[in-house]
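Numbering (this note's numbering), first residue to last: 5 to 295. Where is the CB? At the ideal position from N, CA and C, for every residue including glycine. Remember, predicted model here, so these are calculated numbers, not experimental data. Before any comments, here is the structure.
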Amino acid sequence: MALSNIYNQIPKRYLLSLLGFFGLLNAYVLRSNLPITIVAMTTPTLEKSSINTTTILPAAYNWSTIAQGHILSSFYYGYVVAQIPAGFLATRFGGRILFGGSIGLLAFLSISSVSSSARKEALKKVLRPKCSLSISCIYPSLNDIWSVWAPKKDRSKLAMFTLSGAYTGTFVAMLFGGVIAANWSWAWVFYIPGISALVWVVVWFYLTANSPSTHPTISYEEAKYINDNMDQAISRKQAIPWKDILTALPVWATIVAHFGTDWVVFTLSTELPTFLVKSLGFRVDAAGVLA
């Protein structure tokens with residue numbers, strides 16, 4: 005009863021932002037765990053078999069450097085092409101369904117990739133693009149969610165708190181991924197966040213709604229506040245000025261700036277753990293912390 009009273013008193017837009025934060029956290033842990041895990045999968049390990057002897061265990065998978073590069077980069081194949089279609093899907097089916105469904109699919113595919121690791125790396129190249137297709141739906145779905153749930157005065161803080169889950173998830177994946185792989189098994193780097201994400205999906209669909217008007221437990225005051233402080237919706241469809249967009253210098257300046265930033269960030273996050281272990285000789289757990 006006490007928990008029910010606390011739940012009823014929490015503003016539902018804040019609860020939505022909190023759940024969105026943990027959703028992005030789970031998604032980015034699943035997205036960021038392979039660069040550190042693949043090092044553990046392809047590096048021989050030392051095992052103390054007695055007081056004075058140490059056994060060198062062979063690497064779990066003998067993937068070449070080129071094969072590892074293909075596996076790591078295959079994530080971005082689907083991520084690049086699916087952003088715009090994901091926006092149309094969010095408009096068609098609603099951001100809540102697409103956000104929860106895409107993270108659930110990402111969790112399922114990540115767990116499935118562990119059981120398929122013994123097969124050829126070609127299968128991994130198929131699973132990773134599928135993971136990227138699911139995660140590419142996240143940001144368009146969040147935009148749709150906040151277009152319905154965020155009043156003008158609260159929009160920035162609600163959206164930014166949710167988006168901070170992405171950076172937190174990347175930090176968590178790098179910090180704990182190497183530790184888990186070094187002390188337990190690399191497979192648990194997929195299992196733990198995968199199970200966590202599936203639990204989150206259940207909570208997400210149970211506690212959220214498509215809009216304030218369809219939420220079963222939202223207070224009348226909050227629903228009225230949200231509806232009274234929303235931007236005026238445009239009912240008619242407008243033609244997209246593609247020519248003006250593609251010929252605008254600020255648009256191209258933004259594209260170039262983002263390309264440069266993303267190139268550096270994605271290259272470091274993808275290749276840095278391998279460089280620290282293979283070139284500088286760090287342990288897998290230390291490489292995760294440093295990366």
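Minimum Cα-Cα distance from tyrosine 229 among the listed residues Ile10, Gly24 and Lys16 corresponds to Lys16. Annotated as proximal: phenylalanine 25 and glycine 169, with beta-carbon spacing under 9 Å. Only residues of its own chain outside the window of five on either side were considered, and among them Gly181, Ala185, Trp190, Val193 and Phe194 have a CB closer than 8 Å to the CB of threonine 41, listed in chain order. With respect to the C-alpha of glutamine 13, the residue from Phe175, Val255, Glu225 and Pro254 having the closest C-alpha is Glu225. Distance from the Cα of valine 176 is smallest, within the candidate group Pro277, His74 and Tyr32, for Tyr32. DSSP places asparagine 30 inside the alpha helix (DSSP H), whose first and last residues are 16 to 46. Apart from the 5 residues on each side of it in sequence, valine 118 sits with its Cβ closer than 8 Å to the Cβ of Ala191, Phe194 and Tyr195 in its chain, given in chain order. Aspartate 158: not part of any alpha helix (DSSP H); DSSP gives it neither H nor E.
Judged by DSSP in its simplified three-state form, glycine 285 adopts coil rather than helix or strand. By the 16-neighbour rule on beta-carbons within 10 angstroms, valine 288 is buried. Leucine 28 and leucine 93 have their alpha carbons spaced roughly 19 Å apart.
With 16 or more other Cβ atoms from the protein chains shown falling within 10 Å of its own Cβ, leucine 137 counts as buried. Counting the other CB atoms within 10 Å of its CB gives valine 203 a total below 16, which places it among the exposed residues. Residue burial annotation: valine 206 is exposed, with fewer than 16 other C-beta atoms found within 10 angstroms of its C-beta. Around the Cβ of glutamine 72, a 10 Å sphere holds 16 or more other Cβ atoms; the residue is buried.
The C-beta distance from serine 215 to proline 39 rounds to 38 Å, too long to fall under 8 Å, and the pair is not in contact. Per DSSP, reduced to three states, the secondary structure at isoleucine 249 is helical. Per DSSP, the continuous alpha helix (DSSP H) segment holding phenylalanine 194 begins and ends at 192 to 211. Straight-line measurement puts the Cα of threonine 47 at about 38 Å from the Cα of methionine 164. Within the same chain, Cβ atoms closer than 7 Å to the Cβ of arginine 35 are found at Ile139, the five residues on either side in sequence being excluded. Burial state of arginine 100 is buried, judged by a 10 Å Cβ sphere holding 16 or more other Cβ atoms.
Between the region 156 to 163 and the region 105 to 113, the count of Cβ pairs shorter than 8 Å is below three; the stretches do not touch.
The beta carbon of cysteine 141 is closer than 6 Å to those of Ala90, Leu102 and Ser106 in its chain, skipping five residues each way along the sequence. In this structure, the CA atom of valine 152 is about 34 Å from the CA atom of serine 78. Taking a 10 Å sphere around the C-beta of serine 283, we find fewer than 16 other C-beta atoms and assign the residue as exposed.
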